[in-house]
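One structure below.
2 protein chains.
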Amino acid sequence: MPRLVDHEVRRRQITDAARRVIVRGGLDAATFQAVAAEAGMSVRLVQYYFGTKKEFLLGTLDSVVHAMAARFTVELEGLGAEPEPRVALRTIGRALLPLDDIRRDEAKVLAAYQAARLSGSQSVPAETLDPAALLVRTAAEHIRRVRDDGPDTRAATELDAELFTVLVAGLSQSVLSGFHSTERAAELLDHTVDRVLGSGGG
Amino acid sequence: MPRLVDHEVRRRQITDAARRVIVRGGLDAATFQAVAAEAGMSVRLVQYYFGTKKEFLLGTLDSVVHAMAARFTVELEGLGAEPEPRVALRTIGRALLPLDDIRRDEAKVLAAYQAARLSGSQSVPAETLDPAALLVRTAAEHIRRVRDDGPDTRAATELDAELFTVLVAGLSQSVLSGFHSTERAAELLDHTVDRVLGSGGG
DNA sequence: ACTTAAATGATATGGGCGTACCATGACGGG
DNA sequence: CCCGTCATGGTACGCCCATATCATTTAAGT
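In order, the protein sequence lines correspond to chains A and B. Residue 30 in the numbering used here sits at position 42 of the first sequence, and the numbers go up by one each step. Residue 169 in the numbering used here sits at position 181 of the second sequence, and the numbers go up by one each step.
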């Protein structure tokens, strides 16, 4: 057998380069040539490891989604078994907001794919929405712990969890677009958490 | 002078076609050829009326922004001089949410441009954010009318106005992406209005 | 050391794009 | 009536892209 290379490592090198290219110039800029140049390899190699362009874009999307999911999970487990709901909601909100360069870049890439998905291109799967659904479930779980768990409040809890999720997503977009600063976004997140859980207990 | 044509009419025909194309296939699909075919004219004509591609895309963006601003203004003036704040917030929120096909298409086009703006393309101006800023001011104005107008509540009012705006924008994205139905979005909007103004008075 | 398949490079091909250029039809003013 | 100019069509050029094909290097197993 000839020179053996860890395919996962190569693929990672390529998707990392692709993410940088997408952050700089959007999905359109993510051409084979640009990514190959960014990764310091030949165009042929990118094709060799990903085949068609669609699979390549899918692989890059996967790398971002998994990175965000991993951070989300880490933050969540760092909270321990029975975290204060107020702290929990703030923490998981902040985990998904683009408050530093790393998260900002990931959010940018994700936004690029979501925009592509809006525009009819079936090549981007609905997988992009999974983080949102997970966020709704997690938020609902923590909100529930601070309320009467009666059956009539269940609808209200679900509604608040969805509102929380929509707001986090909206804040993310707002920060990315430059409408809100990261500091202001954090303030708004905290305020929302207080609103949802009630300013007093929690 | 030869056959005279109303340039505004022609430009409108073209931007309308462009909007349809963008709704179907995103900004990338808005090529001269595709738009010309959609409008039933030759490629040359599109260039003739818009010159370069950048100006053409800018013109199409303008048409959408103006349409949304016009609807927003109409709804706002339809409320009369001193509308109930609760009604006012719901109305202006609904005016901007993609609750029917027309608003959905406009929101889709706007989202496409916002995504392009995120991706470094300087050709798309920050003008896209103007509706958000206007929404913040208008929302703050109505929220203020329902609260003590003391100087210490001003910061809270501004904060709630921004939250309201972020939520409307987030809901718009959520509906476009298929995460929320239009009905659910309307529910969430109403719930948010109640939250901001207090469920009781207003 | 020789084989063999994996890993990489170089280059060709066909298509779509924006843009520039040339040609021509239409029509109102002289 | 006819001329100059607006309006429009057709087309060619150059670029970049995704993809395919051919060629070459590399090193593990025998």
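Built from N, CA and C at the ideal position, the CB exists for glycine as well.
Query: Residues near ALA22/A by beta carbon distance below 8 Å, same chain, minus five either side; Result: VAL9 and GLY13
Query: Candidates ALA127/A, LEU33/A and ARG92/A: closest to VAL11/A by CA position; Result: ARG92/A
Query: Delimiting residues of the alpha helix (DSSP H) encompassing THR180/A; Result: 170 to 185
Query: Chain B contact for PHE38/A (CB, 8 Å cutoff); Result: no
Query: Residues, ordered as in the chain, of the region 151 to 174 of chain B that lie near chain A by beta-carbon distance below 7 Å; Result: LEU151, VAL154, LEU155, ALA157, GLY158, LEU159, GLN161, SER162, LEU164, SER165 and PHE167
Query: Beta-carbon proximity check, LEU151/B vs LEU176/A, cutoff 8 Å; Result: yes
Query: 7 Å Cβ cut-off: residues of chain B touching ALA120/A; Result: PHE167
Query: Contacts that SER107/A makes with chain B (C-beta to C-beta distance below 9 Å); Result: ILE10, VAL11, ARG12, GLY13, GLY14, LEU15, ASP16, ALA17, LYS96, ALA99, ALA100 and ALA103
Query: Span of the alpha helix (DSSP H), counted from its first residue to its last, around PHE38/A; Result: 31 to 38
Query: Three-state secondary structure assigned by DSSP to VAL134/A; Result: coil
Query: Cβ neighbours of THR141/A in the same chain (closer than 7 Å, five flanking residues each side left out); Result: ARG135
Query: Whole-angstrom distance between ARG105/B and TYR213/A, CA atom to CA atom; Result: Nothing about residue 213/A can be read from this structure; chain A reaches only from -11 to 190.
Query: Nearest-angstrom Cα separation, counted from ALA99/B out to SER160/A; Result: 14 Å
Query: Stretch-stretch touch, CB-based, cutoff 8 Å, three pairs: the region 79 to 96 of chain B with the region 48 to 58 of chain B; Result: yes
Query: 8 Å Cβ cutoff met for ARG192/B and ALA25/B; Result: For chain B, the structure presents residues -11 to 190; residue 192/B sits outside this window and is missing.
Query: THR19/A to GLU63/B span [Cα, whole Å]; Result: 44 Å
Query: beta-carbon LEU87/A near the ligand NAP non-hydrogen atom, thresh 7 Å; Result: The model depicted lacks the ligand NAP and carries no ligand whatsoever.
Query: CB contact check: LEU46/B to chain A, cutoff 8 Å; Result: no
Query: ASP(-6)/A in three-state terms, based on DSSP; Result: coil
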